[in-house]
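Going line by line, the protein sequences match chains A and B.
Counting from 1, one number per residue, gives the positions in the first sequence under the UniProt record's numbering.
Counting from 1, one number per residue, gives the positions in the second sequence under the UniProt record's numbering.
Note that CB positions come from ideal geometry on N, CA and C, so glycine has one too.
Bear in mind that the values here come from a model prediction, so they are computed numbers and not experimental data.
Read through the structure below, which is laid out as structure tokens, and then see the notes.
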Amino acid sequence: MATTNEKAANGTTQSHDDAFTVKAGLAQMLKGGVIMDVTNADEARIAEEAGACAVMALERIPSDIRAMGGVARMSNPAMIKEIQAAVTIPVMAKARIGHVVECRILEQLGVDYIDESEVLTPADDQFHVTKTPFTIPFVCGCRNLGEALRRIKEGAAMIRTKGEAGTGDVVEAVRHIRTVNAEIAAAKARLASEGSLGIADMARQLGCDAALLQQTAELGRLPVVNFAAGGVATPADAALMMHLGCDGVFVGSGIFKDAKTPEHAAQRARAIVKATTQFTDMQALVDASIEHGEAMKGISNAGLRPEEKMAGRGW
Amino acid sequence: MTITVGVLALQGGVIEHLSLLRRAADYLSTSSSSNDGKELATLPDFDFIQVRTKEQLAQCDALIIPGGESTTMAIVARRLGLFDQLRDFVKVQHKPVWGTCAGLVMLAEEASAVKKGGQELVGGLDVRVVRNRYGTQIQSFVADLKLPFLGEEEAPFRGVFIRAPVVEEIMTTTSGSPAEQEVKEGAASASGGQQSERGAAPGDDIVAVRQRNVFGTSFHPELTQDVRIHVWWLRQVLDAARHGDLVAL
């Protein structure tokens, strides 16, 4: 990344390297944790008390966005401010893909991270937001390595592998982390056998930046933190994503959808935090699964028509 | 002799510390072979481990509590039943402990700007910290710090502050005289003019503090490639080992 200087929001002169260190650094501090979708201050407090490492403020959880149809947009800033006032942990919020102005509004609000998200209706069918000029960090979704590195090249400081949000079906999240892992392994092998020329060729095929691909091959992982998202509904689902190499999980509808009472939602939230932080401890997973109780009913991914899927949004 | 240094791995930036600890140990072994006995004649081996259980904590001679979310770490530590053992480690056995960012919050006796209903702390530093001192992520920043304990001639340290806490008050202690306290102030000489820009005189903020065996930093040395603070702290760990403060060596 270039090391030209720019004026940061607090009036300091920070290089792009420093700016990116600070953006990616917050994601590094979220590792091993659970980021929960919440729609009001009460839900945000339930998440914080359960041990969530951050919350995602949005007007409707993905399963309700799916059910209601229509155009899904950035949430009302009044509701985001209410959530910011209620908790001390980081607050994230979603903007539509390509919607620069929604992103600037969220930055002005002082949220801690922006999710440029396919769960909302895309505003631009060709371009994602150029994220580097923002002071605020971005997380973006991916289905494969090329998509992840395109987002990082645009300035994303955190990646989440896309699952099918709002379904409670984990299969798409698993498919996409497996794809990313396989492509990273292929890049490593390519670097070992053919060096930078092989990487340049692979970068052309994937449609991504060769330097970032080389860095990924050398590290043996994505160069930024990668969480799982979409369809994670139970403690076992969360632990599965950790076993597949994710750095943490986003849980959307899985906590509050079909929860009988706030206490039931709190129990589910605690159980998913337990399963994520102790994903190698099988007895903890048994306890968490019992504590979690009945999961959201869900929708099988196999029954969705292609146009009903959200994960395919983004380019 | 092997010294086991743990990084509390409940949540947060764990592998970053492990990676810098390994580099710091390499640096120490190189410098001990090249500079005529300034280090131990025979440097002990270091073993660096992630700590998630009581058994792993019991193996440790020293511990880092990393950055992350202090509320999450406290909830997970409570659930794992680690709090009493952590307090014993810090305040009874007086083993060397270092907390960065959320770790500093955990090691403070008091914290303000905590979540509703408060949050549990390990304690050990007789200070009150204020969480998220500078605001939200928008106010996170990098600043050059002059850290006297690294040596007066040393180049500034690039301090990475992410939703950082600072020490707002050093409290008078009941245990230990003031002479036993060694307080390091860092950000006072932060460069770049941002301190005055941000107002509220944060030029006086205390961003690094040590009292006896407990060390805390508001910022994240583990997010840089600069190994100096990890080297300095491992030397403190070695000192403690030499003076018999560590058990079972």
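{"Check": "What residue range does the beta strand (DSSP E) around B/R131 cover?", "Outcome": "Element bounds for B/R131: n/a, residue is neither H nor E."}
{"Check": "Specify the secondary structure class of A/C208 as computed by DSSP and reduced to three states.", "Outcome": "coil"}
{"Check": "So what's A/C103 in DSSP terms, helix, strand or just coil?", "Outcome": "helix"}
{"Check": "When you compare each of A/N40, A/K297, A/A19 to A/A86 by their alpha carbons, which one comes out closest?", "Outcome": "A/N40"}
{"Check": "What residues from the segment 63-91 of chain B come within 7 angstroms of chain A, judged by C-beta to C-beta, listed N to C?", "Outcome": "G67, G68, E69, T71, T72, I75, V76, R79"}
{"Check": "Report the partner residues of A/G248 according to the DSSP bridge assignment.", "Outcome": "A/F227"}
{"Check": "On the three-state DSSP scale, how would you describe B/D226?", "Outcome": "coil"}
{"Check": "Is A/L285 helix, strand or coil when you go by DSSP?", "Outcome": "helix"}
{"Check": "Can you give me, in chain order, the residues of the segment 22-43 of chain A that have a beta carbon less than 9 angstroms from any beta carbon in chain B?", "Outcome": "V22, K23, A24, G25, L26, Q28, M29, L30, K31, G32, G33, V34"}
{"Check": "Using a Cβ-Cβ distance cut-off of 8 angstroms, determine whether B/H230 contacts chain A.", "Outcome": "no"}
{"Check": "So A/R45 contacts chain B; which residues on that side make the cut at Cβ distance below 8 angstroms?", "Outcome": "K116"}
{"Check": "Buried or exposed for A/S193, please, with buried defined as at least 16 other CB atoms from any protein chain shown within 10 angstroms of its CB.", "Outcome": "exposed"}
{"Check": "If you draw a straight line from the alpha carbon of B/L125 to that of B/R212, how long is it in whole angstroms?", "Outcome": "9 angstroms"}
{"Check": "Restricting to runs no shorter than 3 residues, where is the beta strand (DSSP E) found entirely within the segment 66-124 of chain A?", "Outcome": "91-96, 113-117"}
{"Check": "At a CB-CB cut-off below 7 angstroms, which residues of chain B make contact with A/K274?", "Outcome": "R79"}
{"Check": "How big is the Cα-Cα spacing for B/M106 and B/D88?", "Outcome": "14 angstroms"}
{"Check": "Using three-state DSSP, classify B/E139 as helix, strand or coil.", "Outcome": "As written in the sequence, residue 139 of chain B is Gln, which differs from the Glu given in the question. Helix, per DSSP."}
{"Check": "Is the distance from the Cβ of B/Q50 to the Cβ of B/A25 below 8 angstroms?", "Outcome": "no"}
{"Check": "Can you name the residues of chain A whose CB is closer than 7 angstroms to the CB of B/E16?", "Outcome": "Q28"}
{"Check": "Please decide whether A/G110 counts as near chain B, where near means a Cβ-Cβ distance under 8 angstroms.", "Outcome": "yes"}
{"Check": "Can you have a look at B/V209 and say buried or exposed, based on whether 16 or more other CB atoms are within 10 angstroms of its CB?", "Outcome": "buried"}
{"Check": "Give the C-beta separation of A/G51 and A/R268 to the nearest angstrom, bearing in mind that I take them to be a contact with Cβ-Cβ under 8 angstroms.", "Outcome": "Not quite, the Cβ-Cβ distance comes to about 12 angstroms (not below 8 angstroms), so this is no contact."}
{"Check": "Within the 8 angstroms Cβ cut-off, does A/I89 reach chain B?", "Outcome": "yes"}
{"Check": "Would you kindly work out how many angstroms separate the C-alpha atoms of B/Q236 and A/V111, rounded to a whole number?", "Outcome": "39 angstroms"}
{"Check": "Which residues in chain A sit within 9 angstroms of B/A208, going by Cβ to Cβ distance?", "Outcome": "Chain A residues near B/A208: none, gap ~18 angstroms exceeds 9 angstroms."}
{"Check": "Using a 10 Å radius around the Cβ and a threshold of 16 neighbouring Cβ atoms, would you call A/E308 buried or exposed?", "Outcome": "exposed"}
{"Check": "Give the secondary structure of A/G168 by DSSP, where H, G and I count as helix, E and B as strand, and everything else as coil.", "Outcome": "coil"}
{"Check": "Quick check on A/L219: buried or exposed, where buried means 16 or more other Cβ atoms within 10 Å of its Cβ?", "Outcome": "exposed"}
{"Check": "Starting from the C-beta of B/E16, find all residues in its chain whose C-beta is less than 7 angstroms away, skip the five residues before and the five after it, and write them out in chain order.", "Outcome": "E222, L223"}
{"Check": "Measure the Cβ-Cβ separation of B/Q11 and B/E55 and say whether it is below 8 angstroms.", "Outcome": "no"}
{"Check": "Would you kindly work out how many angstroms separate the C-alpha atoms of B/L82 and B/V5, rounded to a whole number?", "Outcome": "17 angstroms"}
{"Check": "For the candidate residues A/D201, A/D258, A/A266, A/N226, whose alpha-carbon lies nearest to that of A/R151?", "Outcome": "A/N226"}
{"Check": "For the beta strand (DSSP E) holding B/R158, just list the boundary residues, first then last.", "Outcome": "157-161"}
{"Check": "So for B/Q56, helix, strand or coil by DSSP?", "Outcome": "helix"}
{"Check": "Rounded to whole angstroms, what is the Cα-Cα separation between B/Y134 and B/V166?", "Outcome": "9 angstroms"}
{"Check": "Going straight from the alpha carbon of A/Q278 to that of B/E153, what length do you get?", "Outcome": "45 angstroms"}
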